[in-house]
Amino acid sequence: MTSTAVPTAAGSGSAATDKFKGSRFTSDTSTERAAAIYKDVLTKLSEVIFEHEVTYDEYRVLKQWLIEVGEGGEWPLWLDVFLEHFIEDSNSRIFNGTKGSIEGPYYVPNAPELGAKGVMPMREDEKGTQFVFKGQVRDLDGTGIEGASVELWHADADGYYSQFDDGMGIPEWNLRGTFTTDAEGNFHITTVQPAPYQIPHDGPTGEFIASYGGHPWRPAHLHLKVTAPGKRLITTQLYFQGGKWVEDDVAGAVKPELILDPKPNADGIDEVTYDFVLDPVSEKRFVA
Ligand code: DHB
Ligand code: FE
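As numbered in our numbering, residues 71 to 358 make up the sequence shown, in order.
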């Protein structure tokens with residue numbers, strides 16, 4: 071990389087906000103359910119206010135900060151770090167397949183199709199340790215699923231994502247790919263190990279973290295979406311054994327099942343096998 075510029079929260083945040091706004095989301099939440107959720111949220115917030123005797127100064131700082139997060143385009147950053155893991159955990163409890171984790175703000179659909187075996191799009195001089203990520207996609211009975219889709223996206227060895235690099239010049243689809251499993255359900259991907267990732271912290275999200283004496287780091291991670299016709303889509307992340315921040319992720323998204331331990335293969339290249347088990351699509355949506 072020639073540039074030494076660093077993506078700003080405003081740059082990567084507004085790219086994430088613009089991408090998100092490109093889709094219009096709806097949910098079929100009933101009035102009764104909405105009433106129950108909003109009432110509970112306010113009741114629990116009021117309990118916090120009384121318990122900590124929140125002051126008017128604190129209230130005004132909060133109001134100012136909320137406005138700044140919105141103006142800075144940082145809601146996707148803040149929400150996906152501090153709230154998404156609760157939503158993900160709550161949703162995944164009722165399923166039997168492979169554990170998921172948060173999507174984060176940097177997914178982009180329609181990454182290049184690379185077949186069952188391939189190399190992730192990368193620059194000629196892409197930094198980082200080469201690494202083979204392979205495995206099988208199966209149904210709950212253990213049968214390999216042909217034609218399952220495995221989408222992989224991750225940061226580079228400097229911790230930056232293509233399309234959210236605030237004009238640093240990372241190629242559009244760098245380290246983003248879509249793989250399709252072979253007749254046995256297998257996939258085989260060559261990529262480079264990502265670096266730990268620092269959430270952009272030069273804006274209001276950074277002020278928030280500083281206000282409670284926290285740090286902005288996430289451990290190095292791979293992002294994946296795995297699915298097949300008639301199967302529930304799994305969105306997940308995988309981490310690296312012994313990696314920095316695995317025990318202390320700002321986004322609280324690490325689970326023990328999601329930690330990889332690559333070992334050198336016969337060619338001396340780090341390699342790891344990770345299999346995915348997909349639930350059938352079902353109507354089970356909310357924890358009863
Ligand atoms: C954020 C970035 C990530 O790469 C991720 O996985 C989760 C959250 C963020 O900047 O908000
Ligand atoms: Fe990420």
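For every residue, glycine included, the Cβ atom is placed at its ideal position computed from N, Cα and C.
Asked, Found
"Among Tyr-108, Glu-317, Arg-302, His-291, the one whose alpha carbon lies nearest that of Ile-359", "Because the chain spans 71 through 358 in this model, residue 359 falls outside it and cannot be assessed."
"Continuous beta strand (DSSP E) assignments of at least 3 residues falling wholly in the stretch 281 to 335", "291 to 297, 304 to 310"
"Contact check, Val-189 vs Ile-259, beta carbons under 9 Å", "yes"
"CA nearest to the CA of Glu-196, picked from Val-296, Gln-134, Ala-225, Asp-209", "Ala-225"
"Pro-146 beta carbon less than 9 Å from that of Gly-83", "yes"
"Cα-Cα separation, Trp-243 to Tyr-282", "36 Å"
"Best match in Phe-346, Ala-265, Asp-252 for proximity to Lys-295 [C-alpha to C-alpha]", "Phe-346"
"Sub-9 Å separation of Tyr-309 and Val-320 beta-carbons", "no"
"Nearest-angstrom Cβ-Cβ length linking Tyr-267 and Arg-246, presumed shorter than 8 Å", "That belief does not hold up - the Cβ atoms of Tyr-267 and Arg-246 are roughly 15 Å apart, past 8 Å."
"Nearest residue (CA-CA) to Ile-240, options Thr-261, Pro-191, Ala-265", "Pro-191"
"Residue burial classification, Arg-130 (beta-carbon count within 10 angstroms, cutoff 16)", "exposed"
"Extent of the continuous beta strand (DSSP E) run through Glu-102", "Not the beta strand (DSSP E): Glu-102 falls in the alpha helix (DSSP H), residues 101 to 122."
"Close-in-space but distant-in-sequence residues of the same chain around Gly-185 (CB under 8 Å, 5 per side omitted)", "Phe-249, Thr-250"
"Nearest to Lys-89 (by Cα), restricted to the options Lys-114, Tyr-176, Trp-135, Tyr-108", "Tyr-176"
"Delimiting residues of the beta strand (DSSP E) encompassing Thr-87", "First-last for Thr-87: 79 to 91, but that is the alpha helix (DSSP H), not the beta strand (DSSP E)."
"Asp-252 versus Gly-81, Val-220, Lys-325, Ala-181, residue with shortest Cα-Cα distance", "Val-220"
"Per-residue DSSP class, three states only, for Ser-232", "coil"
"Contact check, Val-151 vs Asn-335, beta carbons under 9 Å", "no"
"Near the ligand FE: Gln-268 beta-carbon under 8 Å from a heavy atom", "no"
"Continuous alpha helix (DSSP H) stretch holding Ser-162: start and end", "154 to 162"
"Coil, strand or helix - Gln-263 by DSSP", "coil"
"Three-state secondary structure assigned by DSSP to Pro-360", "The first residue shown for the chain is 71 and the last is 358, placing residue 360 beyond what the model contains."
"Candidates Ile-107, Ile-304, Glu-154, Trp-223: closest to Leu-292 by CA position", "Trp-223"
"Any non-hydrogen atom of the ligand FE within 8 Å of Tyr-231 CB", "yes"
"Rounded Cβ spacing between Gly-170 and Thr-306 (contact assumed at less than 8 Å)", "5 Å"
"DSSP three-state assignment for Val-131, whether helix, strand or coil", "helix"
"Nearest-angstrom Cα separation, counted from Thr-125 out to Phe-165", "43 Å"
"Selection from Asn-180, Gly-92, Ser-162 that minimises the alpha carbon distance to Ile-172", "Ser-162"
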